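As they're listed, the protein sequences go chains A and B. In terms of the working numbering, the first sequence opens at residue 21 and continues consecutively. In terms of the working numbering, the second sequence opens at residue 21 and continues consecutively. Cβ atoms here follow ideal geometry from the backbone N, Cα and C, with glycine treated the same way. All values derive from a computational prediction rather than experimental measurement. Single-structure report; data block below.
Number of protein chains: 2
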Amino acid sequence: MAIPTAPAPPAAAAARPEAVAACCAPLTREPLSAGAASDLARTLKALADPARLRLLSLVAAHEGGEACACDLVASLGLSQPTVSHHLKVLVEAGLLTRDKRGVWAYFALVPQALNALAAVLTVPTAAPPGGAG
Amino acid sequence: MAIPTAPAPPAAAAARPEAVAACCAPLTREPLSAGAASDLARTLKALADPARLRLLSLVAAHEGGEACACDLVASLGLSQPTVSHHLKVLVEAGLLTRDKRGVWAYFALVPQALNALAAVLTVPTAAPPGGAG
DNA sequence: AGCGGACATCCACAGCTGTCAATATCGACA
DNA sequence: TGTCGATATTGACAGCTGTGGATGTCCGCT
Chain A
21 MAIPTAPAPP
31 AAAAARPEAV
41 AACCAPLTRE
51 PLSAGAASDL
61 ARTLKALADP
71 ARLRLLSLVA
81 AHEGGEACAC
91 DLVASLGLSQ
101 PTVSHHLKVL
111 VEAGLLTRDK
121 RGVWAYFALV
131 PQALNALAAV
141 LTVPTAAPPG
151 GAG
Chain B
21 MAIPTAPAPP
31 AAAAARPEAV
41 AACCAPLTRE
51 PLSAGAASDL
61 ARTLKALADP
71 ARLRLLSLVA
81 AHEGGEACAC
91 DLVASLGLSQ
101 PTVSHHLKVL
111 VEAGLLTRDK
121 RGVWAYFALV
131 PQALNALAAV
141 LTVPTAAPPG
151 GAG
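Next up, the structure:
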């Protein structure tokens, strides 16, 4: 473990969800720095779980684009604390937003976060005629 | 969508890299089945590691689109067994191909795998015209 | 054939992660 | 104010994962 990057607290990730995809350069343009790779991996780790993927799709497919936590618990077949934990991970990764109304908590997708992630992963299949610099 | 959660051995994943993104439906179209979520998570887990992300970018950014394992070991600052392990994970996930020439092993990107992944994650931000359904 | 180098595999270990029971917190309501 | 219900947090634990040292395997060279 020789990652000399700044030890930012995990809560900071939620404060800057735009850090997900940095700026623009796809994964394949130039070698990732250790810090950039760590940032990107943190977001991907939030995605790389069956329960969280299902949560995202449940929220996204729900009418109105948002879903109540109680619905998610019922749909997932996992315990309520476990679902709450997964939702927290997704919110802190900037992939979901949480809106608490009364006793209910509603979660909605953050499309730009997923799209930024998709943009980073996209590979230019056709080589540009101008040649790479 | 009745993905039967077949307990296929991990080696089978390399034989069907197109299984990464199933068919076409983005994550946000309809709730993922447990099997589909598990499949997608498996591929994302292969990506969700700083060392493997750097490996992918190193390979992709290397001239000729492929890189020798020795270069990767030198660039990553990790031990040779560790790099070999990460490369194996990426190959088994269908994200890299391995081509052994003599004593050297060359690794190349599988653009379609990453692009399929990106397609799954992409969220349609604008509603399709006339597609009120 | 013998040797050296490149890569893969095995083994062990520390740290992380998903899971749930128990509990705490907070808002709605009588 | 007291109770009920929804959600979040805590604590514990099993299983997974990243890592490196030691070793095996295979190829090229002398």
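Between Ala71 of chain B and Thr48 of chain B, what straight-line distance do the alpha-carbon atoms span, to the nearest angstrom?
Separation of Ala71 of chain B and Thr48 of chain B (C-alpha to C-alpha, rounded to the nearest whole angstrom) is 29 angstroms.
Kindly list, in the order they appear in chain A, the residues whose Cβ is closer than 9 angstroms to that of Ser99 of chain B.
Against Ser99 of chain B, chain A offers no close residue; the least beta-carbon distance is about 11 angstroms (beta-carbon pairs closer than 9 angstroms).
Figure out for me which residue from B:Ala87, B:Leu96, B:Glu83, B:Pro131 has the closest Cα to the Cα of Ala57 of chain A.
When B:Ala87, B:Leu96, B:Glu83, B:Pro131 are compared, the shortest CA-CA separation from Ala57 of chain A is found for B:Leu96.
Note down, in chain order, each residue of its chain lying with its Cβ closer than 7 angstroms to the Cβ of Val130 of chain B, except the 5 sequence neighbours on either side.
The beta carbon of Val130 of chain B sits closer than 7 angstroms to those of Pro37, Gly114, Leu115, Leu116, Thr117, all from its chain and outside the five residues before and after it, given in chain order.
According to a CB-to-CB cut-off of less than 7 angstroms, which residues of the stretch 67–84 of chain A neighbour chain B?
Close to chain B, meaning a Cβ-Cβ distance shorter than 7 angstroms, are the following residues of the stretch 67–84 of chain A: Leu67, Ala68, Asp69, Pro70, Leu73, Arg74, Leu76, Ser77, Leu78, Ala80, Ala81.
Using a Cβ-Cβ cut-off of 7 angstroms, state whether Ala41 of chain B counts as contacting chain A.
Interpretation of Ala41 of chain B is limited by its pLDDT of 44, a score under 50 that renders its predicted location unreliable; no figure is taken from the coordinates.
For Val140 of chain A and Asp69 of chain B, what's the separation of their Cα atoms in angstroms?
When rounded, the distance between both Cα atoms is 15 angstroms.
Endpoints, beta strand (DSSP E) assigned at Leu116 of chain B
Start and end: 116–121.
Skipping 5 residues on each side, what residues in its chain have a beta carbon closer than 6 angstroms to that of Cys43 of chain A?
With a pLDDT of 48 at Cys43 of chain A, under the threshold of 50, the predicted position of this residue should be treated as unreliable, and no value is reported.
Of all the CB atoms in chain A, is at least one closer than 7 angstroms to the CB of Lys65 of chain B?
So, interface residue.
Cα-Cα separation, Leu137 of chain B to Pro46 of chain B
Rounded to the nearest angstrom, the two C-alpha atoms are 9 angstroms apart.
Who pairs with Cys90 of chain A in a beta bridge, going by DSSP?
In the DSSP assignment, Cys90 of chain A is bridged to no other residue.
Does DSSP put Ala113 of chain A in a helix, a strand or coil?
Under the three-state reduction of DSSP output, Ala113 of chain A falls in the coil class, being neither helix nor strand.
Do the stretch 121–135 of chain A and the stretch 78–92 of chain A make contact, defined as three or more Cβ pairs closer than 8 angstroms?
Cβ pair count under 8 angstroms is three or more, so yes.
Is the beta carbon of Leu64 of chain B less than 7 angstroms from the beta carbon of Leu64 of chain A?
Leu64 of chain A is positioned such that its CB atom lies closer than 7 angstroms to that of Leu64 of chain B.
Among A:Pro144, A:Ala80, A:Ala54, A:Leu67, the one whose alpha carbon lies nearest that of Val143 of chain B:
That would be A:Ala80, whose Cα lies nearest to the Cα of Val143 of chain B.
At least one CB of chain A closer than 7 angstroms to the CB of Leu96 of chain B: is that the case?
Not a single C-beta of chain A is nearer than 7 angstroms to the C-beta of Leu96 of chain B.
So, at 8 angstroms on beta carbons, what are the nonlocal neighbours of His221 of chain A in its own chain, with the 5 sequence-adjacent residues on each side left out?
Shown here, chain A extends from 21 to 153; a query on residue 221 of chain A therefore has no answer.
Quick one, which residues of the stretch 46–58 of chain B are near chain A if we go by CB-CB under 7 angstroms, in chain order?
Those would be Leu47, Thr48, Arg49, Glu50, Pro51, Leu52, Ala54, Ala57, Ser58, in chain order.
For Ala138 of chain A, return the contacting residues in chain B, with the cut-off set at a CB-CB distance below 7 angstroms.
The contacting residues are Ala138, Leu141, Thr142.
Do we get a CB-CB distance below 7 angstroms when we pair Leu115 of chain A with the residues of chain B?
For Leu115 of chain A, the answer is no, since every Cβ of chain B falls outside 7 angstroms of its Cβ.
Among A:Arg62, A:Ser53, A:Leu73, A:Val111, which has the Cα closest to the Cα of Trp61 of chain B?
Residue identity differs from the one stated: residue 61 of chain B is Ala in this sequence, not Trp. Ranking A:Arg62, A:Ser53, A:Leu73, A:Val111 by Cα distance to Ala61 of chain B puts A:Leu73 first.
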